[in-house]
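Engineer: I have a structure I would like to understand better, so I am pasting it below and will then ask my questions one at a time.
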Amino acid sequence: MSCLETIQAYGVRALGYGERLLPRSDFTLCEQVTLIGSGMIWNIYFGALALVCGFFLATVVALAKNVPSPWLRKPAEAFVFVFRGSPLFIQFFLAYEAFVLLPKAGIPVNLGFVLITVETAWLTKAWAGALIVLFLNTAAYSGEIFYGALRAVPRGDLEAADAYGLTGWARFRRVVWPTMLRLAWPAYTNEAIFLFHATTLVYFSGFPAWKQQGDALYYANYFADKTFNPFVPYPIVATYFVLLTLVVIGFFGLVNRRLNRHLPQSNRPRLRIRPQVIR
Amino acid sequence: MFEFCSDPEALERLRWFACYLSNGKHMAFYASFGTVMVLLAITAPVAMAFGFAGASAARSRILPIRWLGKGYTAIVRGVPDIVFFLFFVIALDQAFEWMRHQIKCPDWADPIRQGNDFIVCGAAKLPLNTAPQWIHETYGFFLAVLTFAIVFGAFAANVLFGAMRAVPMAQLETAAAYGMSERQTFWRVLVPQMWLYALPGLSNLWLILVKATPLLFLLGVEDIVYWARELGGFVNPRFTDYPHGDWRLFYFLGLLVFYLFLTWGSERVLARLTKRLSHGQATMGGEAARREAQA
Numbered sequence: 001m002s003c004l005e006t007i008q009a010y011g012v013r014a015l016g017y018g019e020r021l022l023p024r025s026d027f028t029l030c031e032q033v034t035l036i037g038s039g040m041i042w043n044i045y046f047g048a049l050a051l052v053c054g055f056f057l058a059t060v061v062a063l064a065k066n067v068p069s070p071w072l073r074k075p076a077e078a079f080v081f082v083f084r085g086s087p088l089f090i091q092f093f094l095a096y097e098a099f100v101l102l103p104k105a106g107i108p109v110n111l112g113f114v115l116i117t118v119e120t121a122w123l124t125k126a127w128a129g130a131l132i133v134l135f136l137n138t139a140a141y142s143g144e145i146f147y148g149a150l151r152a153v154p155r156g157d158l159e160a161a162d163a164y165g166l167t168g169w170a171r172f173r174r175v176v177w178p179t180m181l182r183l184a185w186p187a188y189t190n191e192a193i194f195l196f197h198a199t200t201l202v203y204f205s206g207f208p209a210w211k212q213q214g215d216a217l218y219y220a221n222y223f224a225d226k227t228f229n230p231f232v233p234y235p236i237v238a239t240y241f242v243l244l245t246l247v248v249i250g251f252f253g254l255v256n257r258r259l260n261r262h263l264p265q266s267n268r269p270r271l272r273i274r275p276q277v278i279r
Numbered sequence: 001m002f003e004f005c006s007d008p009e010a011l012e013r014l015r016w017f018a019c020y021l022s023n024g025k026h027m028a029f030y031a032s033f034g035t036v037m038v039l040l041a042i043t044a045p046v047a048m049a050f051g052f053a054g055a056s057a058a059r060s061r062i063l064p065i066r067w068l069g070k071g072y073t074a075i076v077r078g079v080p081d082i083v084f085f086l087f088f089v090i091a092l093d094q095a096f097e098w099m100r101h102q103i104k105c106p107d108w109a110d111p112i113r114q115g116n117d118f119i120v121c122g123a124a125k126l127p128l129n130t131a132p133q134w135i136h137e138t139y140g141f142f143l144a145v146l147t148f149a150i151v152f153g154a155f156a157a158n159v160l161f162g163a164m165r166a167v168p169m170a171q172l173e174t175a176a177a178y179g180m181s182e183r184q185t186f187w188r189v190l191v192p193q194m195w196l197y198a199l200p201g202l203s204n205l206w207l208i209l210v211k212a213t214p215l216l217f218l219l220g221v222e223d224i225v226y227w228a229r230e231l232g233g234f235v236n237p238r239f240t241d242y243p244h245g246d247w248r249l250f251y252f253l254g255l256l257v258f259y260l261f262l263t264w265g266s267e268r269v270l271a272r273l274t275k276r277l278s279h280g281q282a283t284m285g286g287e288a289a290r291r292e293a294q295a
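Keeping their order, the protein sequence lines are chains A and B. 1 is the number of the first residue of the first sequence in the UniProt record's numbering; add one for each residue after it. 1 is the number of the first residue of the second sequence in the UniProt record's numbering; add one for each residue after it.
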C-alpha cells in the first residue's frame with residue numbers, strides 16, 4: 001500500500017470509517033503516523049469540548065466560592081476539593097463503574113402526564129462518559145484559577161463601576177468578568193494544555209475502546225505492543241502533542257491579546273507557558 | 001482470620017463483612033496501599049536528587065553539561081507524561097537488557113532486533129527466566145520507581161533551577177566578597193536559601209506525584225487500582241466463599257477517599273513546613289512570623 005492509500009484507509013479510522021482491520025504485521029512508518037494521527041481526533045474532541053463547557057461551569061464555581069453564604073460556598077469548595085484532590089485516573093474508573101451500574105434499559109421517568117425513558121447506555125461509552133469526567137475535572141481546576149483571579153480584581157475597578165452606577169449583572173458583565181478573565185488567562189492557558197495532555201488517560205482507565213476506535217495513545221500503545229519497539233510510536237505521539245500544544249498556545253495568545261487590548265503595549269502580560277504534569 | 005469465619009454461608013451480615021474484609025486477598029489489597037506509600041517514599045527523594053543534579057547541571061559553566069541539564073528539563077515538558085510512563089518502562093527494560101547482552105554474550109551472532117522482536121541471549125534476560133516470582137515483581141516495581149523519578153526529576157529540576165535563580169544576587173556577591181570559593185558559595189549560601197523559593201513549586205509537585213501513583217497500575221505493578229478491580233468485580237459463587245455482585249464502584253470510592261485524605265494531609269504538613277522555612281527570612285512570611293513572636 002502506498003502512503004496515500006494508507007491515509008485513505010486509516011485517516012479517520014478512529015471514528016470508525018475506512019479500513020476495519022488494523023495493520024497486523026510489517027508496520028510502515030506511514031501507517032503508524034496515520035493511525036496515531038487519526039487517534040488525535042479523539043484527543044482534540046475531548047479536550048476542546050471539555051474546555052468549552054468547563055469554562056462556563058468554572059465561572060459559576062468561582063462565583064459560588066466567592067459568595068459569603070455557606071449554602072453556595074461549601075458545595076463549590078467541596079466540588080473543587082474532590083476533583084482537584086483525587087487522581088483523574090481514579091475519577092475515570094469511578095465514573096465508568098457508576099455509569100455501568102445504571103440500568104441498561106434506561107430509567108423510566110414519570111412526568112405525570114407522560115412516561116419517558118431516559119437512555120443511559122451512552123454514558124458508558126467513552127465519547128460521553130469520559131467527556132463528562134473531563135468536563136467536571138477541568139471545571140474544578142479552572143474554577144480555582146478563576147476564583148483566585150476573582151479575588152485579585154482591583155478594588156479601584158469595582159469602585160469605578162460603583163461610581164458609574166453599574167450594579168448587578170451589568171457590573172459583572174462589563175467590569176468584574178473581563179478583569180477576572182484577563183488576570184486568570186495565563187494560568188488558564190496552562191490548564192488548557194494540561195487538559196489536552198490529560199485526554200490521553202481516557203482509554204487507559206475504565207473506558208474501553210469500542211471496535212478499536214481509540215485515541216492517539218491507544219494506537220501508539222497498540223504499535224508498541226505489536227513491534228516491541230517504543231522508539232517509533234511514542235515519539236510520534238509526542239510530536240503530535242507538541243504541535244497541538246503550539247496550536248493551543250497560539251489560540252490562547254490571540255485571546256490574551258484581545259483581553260488586554262486596552263492596556264499600553266508595555267504593560268500587557270505575556271503568556272508564560274508552563275505545562276504541568278499529570279493531574 | 002476470625003474463628004467464626006470457617007463457614008461463611010452461615011454468617012449474618014456484620015460478621016460476613018468482617019470475614020470478607022479480612023480474607024487473604026483483602027490483606028494483599030491493604031498491603032498494596034503500602035506499595036503506594038513505599039513508591040512515594042522512594043520516588044520523592046530520588047526525584048529530588050535527579051532534579052538537584054539537573055538544576056545544577058543547567059547552571060554549569062561547561063557548555064555540554066549545561067545542555068544536558070537544560071535538555072533534560074525541556075524534553076519532559078510539553079508531552080503528556082503518560083506517554084513517558086509507557087515509553088520509559090519498555091525503553092529502560094530494553095536498555096538494561098542490551099547492556100547486559102553486550103557484556104555477557106559478546107560472541108552472539110544474531111542481530112538483537114529481528115524485525116519486530118527484541119531478542120537478547122538467555123543470560124542477559126532481566127530478570128532471569130529462572131528467577132522466582134518476587135524478583136520479577138520487584139524488578140517491575142524498580143522500573144516504575146525509576147520512571148517516576150526520571151519524569152518527576154525533570155519537573156523538580158525546573159523548580160529548583162528557578163529557585164536557585166530567585167536567591168538574591170546580593171547574597172551571592174556577599175559570599176564572594178568574604179572570599180568564599182564558588183563551591184562554598186553554592187553549598188553554604190545558595191542551597192540553604194533556595195528551599196524557601198522552591199517550596200511552593202515542590203509542594204505542588206508532591207501533590208501531583210501523589211495523584212500520579214495510580215499510574216503504577218499501567219506499569220504492571222499490582223497496586224491499589226489493580227486490587228480494587230480484581231476484588232470489586234463480580235465473583236462467581238463457585239470459585240469463592242464470599243460471592244457478591246459488581247462492587248467495583250465501592251472499591252473505587254474507597255480509593256477516592258484514600259487519595260482525598262492523602263492530599264488533605266499533605267496540604268496541612270506543607271503549610272506547616274512553609275511557615276517553618278520562612279522563619280528568619282526577609283520575606284513577607286518571615287516578617288509576619290517575627291511580628292507574631294514579638295506580640
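Beta carbons are placed, not taken as given, at the ideal position from N, Cα and C, and that holds for glycine. Small disclaimer: the values here were computed from a predicted structure and weren't measured.
The beta strand (DSSP E) with Ile-132(A) in it runs from where to where?
Structural biologist: Position 132 of the first sequence holds residue 132(A). It is not in any beta strand (DSSP E) - Ile-132(A) instead sits in the alpha helix (DSSP H) that spans 126 to 151.
Engineer: So if DSSP puts Trp-210(A) in a beta bridge, which residue, or which two residues, is it bridged to?
Structural biologist: Walking along the first sequence from the start, residue 210(A) turns up at place 210. DSSP output for Trp-210(A) lists Gln-213(A) as bridge partner(s).
Engineer: Assign Ile-116(A) to one of two classes, buried (16 or more other C-beta atoms within 10 Å of its C-beta) or exposed (fewer than that).
Structural biologist: Within the first sequence, numbered from 1, the residue matching residue 116(A) stands at position 116. By the 10 Å Cβ count, Ile-116(A) comes out exposed.
Engineer: Skipping 5 residues on each side, what residues in its chain have a beta carbon closer than 6 Å to that of Gly-206(A)?
Structural biologist: Residue numbering aside, residue 206(A) sits at position 206 when the first sequence is read from its first letter. Counting only Cβ-Cβ distances below 6 Å, and skipping sequence neighbours, we find Phe-92, Phe-93, Tyr-96.
Engineer: Thr-239(A) lies in the alpha helix (DSSP H); which residues open and close that run?
Structural biologist: Locating residue 239(A) in the first sequence gives position 239, where the first residue counts as 1. It spans 233 to 259 - the alpha helix (DSSP H) in which Thr-239(A) sits, taken as one unbroken run.
Engineer: With 8 Å as the threshold, decide whether the Cβ of Ile-90(B) is near any Cβ in chain A.
Structural biologist: Stepping through the second sequence from its first residue, residue 90(B) is reached at position 90. Interface annotation, Ile-90(B): in contact with chain A, CB-CB separation under 8 Å.
Engineer: To the nearest angstrom, report how far apart Trp-195(B) and Leu-277(B) are at their CA atoms.
Structural biologist: Your numbering for residue 195(B) matches position 195 in the second sequence. Your numbering for residue 277(B) matches position 277 in the second sequence. When rounded, the distance between both Cα atoms is 8 Å.
Engineer: Report the rounded CA-to-CA distance for Ala-288(B) versus Phe-33(B), giving the unit in angstroms.
Structural biologist: On the second sequence, residue 288(B) is found 288 positions in, with the first residue counted as 1. On the second sequence, residue 33(B) is found 33 positions in, with the first residue counted as 1. Taking the straight line joining both Cα atoms gives about 39 Å.
Engineer: How would you write the range of the alpha helix (DSSP H) that Val-82(A) sits in, first residue to last?
Structural biologist: Residue numbering aside, residue 82(A) sits at position 82 when the first sequence is read from its first letter. Element bounds for Val-82(A): 70 to 85.
Engineer: Give the residues from the stretch 46 to 72 of chain A that approach chain B closer than 8 Å (Cβ to any Cβ), ordered along the chain.
Structural biologist: none
Engineer: Does the stretch 221 to 238 of chain B come close enough to the stretch 28 to 45 of chain B that 3 or more CB-CB pairs lie under 8 Å?
Structural biologist: yes
Engineer: Measure the C-alpha to C-alpha separation of Phe-167(B) and Thr-174(B) and round it to an integer number of angstroms.
Structural biologist: Here residue 167(B) is taken as the residue at index 167 of the second sequence, counted from 1. Here residue 174(B) is taken as the residue at index 174 of the second sequence, counted from 1. Checking the sequence, you will find Val at residue 167(B) rather than Phe. Taking the straight line joining both Cα atoms gives about 12 Å.
Engineer: Determine, for Phe-161(B), whether the minimum Cβ-Cβ distance to residues of chain A falls below 8 Å.
Structural biologist: Sequence index remark: in the second sequence, residue 161(B) carries index 161 (1-based). So no, Phe-161(B) is outside the interface.
Engineer: Quick one: using the 10 Å Cβ neighbour count with 16 as the cut-off for buried, is Gly-179(B) buried or exposed?
Structural biologist: Along the second sequence, one-based indexing puts residue 179(B) at 179. Classification for Gly-179(B): exposed.
Engineer: Given Phe-99(A), which residues of its chain have a CB within under 8 Å of its CB, disregarding the five upstream and five downstream residues?
Structural biologist: Within the first sequence, residue 99(A) is the residue found at index 99, counting from 1. So the qualifying residues of the chain are Thr-120, Leu-123, Thr-124, Gly-129.
Engineer: Does the stretch 234 to 253 of chain A come into contact with the stretch 28 to 46 of chain A, if we say contact requires no fewer than three beta-carbon pairs (one atom in each stretch) closer than 8 Å?
Structural biologist: yes
Engineer: For Arg-15(B) and chain A, any beta-carbon pair shorter than 8 Å?
Structural biologist: As a first step, residue 15(B) is located in the second sequence; it is residue number 15 there, counting from the start. No, Arg-15(B) does not count as interfacial toward chain A.
Engineer: Quick one: using the 10 Å Cβ neighbour count with 16 as the cut-off for buried, is Asp-215(A) buried or exposed?
Structural biologist: In the first sequence, the residue the question calls residue 215(A) occupies position 215. Its Cβ being crowded by 16 or more others within 10 Å, Asp-215(A) is buried.
Engineer: Could you run through the stretch 245 to 260 of chain B and flag, in chain order, every residue whose CB is less than 8 Å away from some CB of chain A?
Structural biologist: Residues passing the 8 Å Cβ filter: Asp-246, Arg-248, Leu-249, Phe-252, Leu-253, Leu-255, Leu-256, Tyr-259, Leu-260.
Engineer: Gln-184(B) to Ala-170(B), Cα distance in whole Å?
Structural biologist: Taking the second sequence and counting its residues from 1, one reaches residue 184(B) at position 184. Taking the second sequence and counting its residues from 1, one reaches residue 170(B) at position 170. If you take the alpha carbons of Gln-184(B) and Ala-170(B), they lie about 16 Å apart.
Engineer: Strictly under 8 Å for the Cβ-Cβ distance: is Tyr-234(A) near chain B by that measure?
Structural biologist: Counted from its first residue, the first sequence places residue 234(A) at position 234. Judged by the 8 Å Cβ criterion, Tyr-234(A) is in contact with chain B.
Engineer: Can you look up His-244(B) in the DSSP assignment and give me helix, strand or coil?
Structural biologist: Counting from one through the second sequence, the residue named residue 244(B) turns up at place 244. In this structure, His-244(B) counts as strand in the three-state DSSP scheme.
Engineer: Between Phe-141(B) and Arg-171(A), what straight-line distance do the alpha-carbon atoms span, to the nearest angstrom?
Structural biologist: Translated into positions along the second sequence, residue 141(B) becomes position 141. Translated into positions along the first sequence, residue 171(A) becomes position 171. When only Cα atoms are considered, Phe-141(B) and Arg-171(A) end up about 56 Å apart.
Engineer: Taking Cβ-Cβ distances shorter than 8 Å, what residues in chain A pair up with Val-225(B)?
Structural biologist: Translated into positions along the second sequence, residue 225(B) becomes position 225. Neighbours of Val-225(B) on chain A, chain order: Phe-89, Ile-90, Phe-93.
Engineer: Could you check whether the Cβ of Leu-215(B) sits closer than 8 Å to any Cβ belonging to chain A?
Structural biologist: If you number the second sequence from 1, residue 215(B) lands on position 215. By this cut-off, Leu-215(B) is an interface position.
Engineer: Helix, strand or coil: how does DSSP classify Val-277(A) here?
Structural biologist: The sequence position of residue 277(A) within the first sequence is 277, counting from 1. Residue placement at Val-277(A) cannot be trusted, given a pLDDT of 49 that sits under 50; what the coordinates show is reported in the next sentence. DSSP places Val-277(A) in the coil class of the three-state scheme, outside both helix and strand.
Engineer: In this structure, does DSSP put Ile-62(B) in helix, strand or coil?
Structural biologist: Your numbering for residue 62(B) matches position 62 in the second sequence. Here Ile-62(B) sits in coil by DSSP.
Engineer: Would you call the stretch 67 to 75 of chain B and the stretch 43 to 58 of chain B in contact, with 3 or more CB pairs under 8 Å?
Structural biologist: yes
Engineer: For Phe-87(B), which residues in chain A fall below 7 Å Cβ to Cβ?
Structural biologist: Locating residue 87(B) in the second sequence gives position 87, counting from the first residue. Simply Pro-230, Tyr-234.
Engineer: Distance cutoff 8 Å, beta carbons only. Does Asn-190(A) sit that close to anything in chain B?
Structural biologist: As a position in the first sequence, residue 190(A) is number 190, starting the count at 1. Among the residues facing chain B, Asn-190(A) is not included, as its CB has no counterpart in that chain under 8 Å away.
Engineer: Relative to the C-alpha of Ile-107(A), which candidate in Val-118(A), Phe-113(A), Asn-66(A) has its C-alpha closest?
Structural biologist: Taking the first residue of the first sequence as 1, we reach residue 107(A) at position 107. Comparing Cα positions, the closest option is Val-118(A).
Engineer: Using alpha carbons as the reference points, say which of Thr-34(A), Arg-24(A), Tyr-240(A) lies closest to Ala-9(A).
Structural biologist: Position 9 of the first sequence holds residue 9(A). Comparing Cα-Cα distances from Ala-9(A) to each of Thr-34(A), Arg-24(A), Tyr-240(A), the minimum goes to Thr-34(A).
Engineer: Which parts of the stretch 207 to 241 of chain B are runs of the alpha helix (DSSP H), unbroken and 4 residues or longer, counting only runs that do not cross its ends?
Structural biologist: Restricting attention to alpha helix (DSSP H) runs no shorter than 4 residues, the stretch 207 to 241 of chain B encloses them at 224 to 232, ordered along the chain.
Engineer: Output yes if chain B places a C-beta closer than 8 Å to the C-beta of Ala-224(A); else output no.
Structural biologist: Along the first sequence, one-based indexing puts residue 224(A) at 224. The beta carbon of Ala-224(A) sits closer than 8 Å to some beta carbon of chain B.
Engineer: Apart from the five residues just before and just after Phe-252(A), which ones in its own chain have a Cβ nearer than 8 Å to its Cβ?
Structural biologist: If you number the first sequence from 1, residue 252(A) lands on position 252. Contacts found: Trp-185, Tyr-188, Thr-189, Ala-192, Leu-271.
Engineer: Please list the partners that Phe-204(A) has in chain B, where partner means a Cβ-to-Cβ separation under 8 Å.
Structural biologist: Taking the first residue of the first sequence as 1, we reach residue 204(A) at position 204. Neighbours of Phe-204(A) on chain B, chain order: Ile-82, Leu-218.
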